[in-house]
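Report on the structure given below.
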Amino acid sequence: MSKKLVLWTAAIIFYAKLLLLDHDIGSYIGDGIFMMMVLWYSFKLDGDGK
-1 MSKKLVLWTA AIIFYAKLLL LDHDIGSYIG DGIFMMMVLW YSFKLDGDGK
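Taking our numbering, I'd label the letters of the sequence shown as residues -1 to 48.
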């Protein structure tokens, strides 16, 4: 299992949990930042050829 797939799976689970369980605006902002970090890291892994 590649690191990128693990990151995407974790991000999707985290995002789905937040949408289903948490309706606080501040949490959506925090989750957006988390998602951007995951996307940036996954693209960084692509750039490194890993």
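Even for Gly, the Cβ is constructed at its ideal location relative to N, Cα and C.
Can you tell which of the options has the C-alpha that lies nearest to the C-alpha of residue i?
i	options	result
W6	M33, K42, G45	M33
D29	K1, F12, V4, L3	F12
Any beta carbon of chain B sitting closer than 8 Å to that of residue i?
i	result
I11	Going by chain labels, chain B is absent from the structure shown, which holds only one protein chain.
Going by beta carbon distance, what residues of the same chain come within less than 6 Å of residue i, once the five residues before and after it are set aside?
i	result
V36	L5, A9
What do you reckon, are the CB atoms on residue i and residue j nearer than 8 Å?
i	j	result
K15	L43	no
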